[in-house]
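The structure appears right after this line, and notes come after that.
Residue numbers (our numbering): 715 to 842.
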């Protein structure tokens, strides 16, 4: 008896419901902020992440990725109507790596930093 027969006897579906789920339906579940930020992440990586950029190859420097995240964060906040009279890059605004008075960075900024790291890993073929 093979596994499919066993699953049918036990009343389990023979085809996984996950197999029926399309990539498009999963991608449509991303929140709106992802659709605002991710294209900027992709564009920034296309512009900065190339072998002729010594700040990015062979391994990106943290300061470079921090600057990239700051730029995307600023662009996104400006699009969303953020007030920028006193805006400074997070690393300058909060010397201890851009943390607020409670030791945290803005959530959106951290999300952008995560997306950048994931995209840089993906571009280098190192996705786990």
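Virtual Cβ for every residue (Gly too), placed ideally from N, Cα, C.
Asked, Found
"Alpha helix (DSSP H) runs contained entirely in the region 740-795, provided each spans 4 or more residues", "746-762, 776-793"
"Inter-residue CB distance, residue 833 and residue 773 (contact presumed, cutoff 8 Å)", "About 15 Å separates the two Cβ atoms, so there is no contact after all."
"Residue 761 versus residue 754: straight-line alpha-carbon distance, rounded", "10 Å"
"C-alpha gap between residue 808 and residue 781, whole angstroms", "With a pLDDT of 47 at residue 808, under the threshold of 50, the modelled position of that residue is not reliable, and the figure given next carries that caveat. Near 14 Å, if we compare the C-alpha coordinates of residue 781 and residue 808."
"Residue 837 in three-state terms, based on DSSP", "helix"
"Through-space distance from residue 793 to residue 830, alpha-carbon basis", "19 Å"
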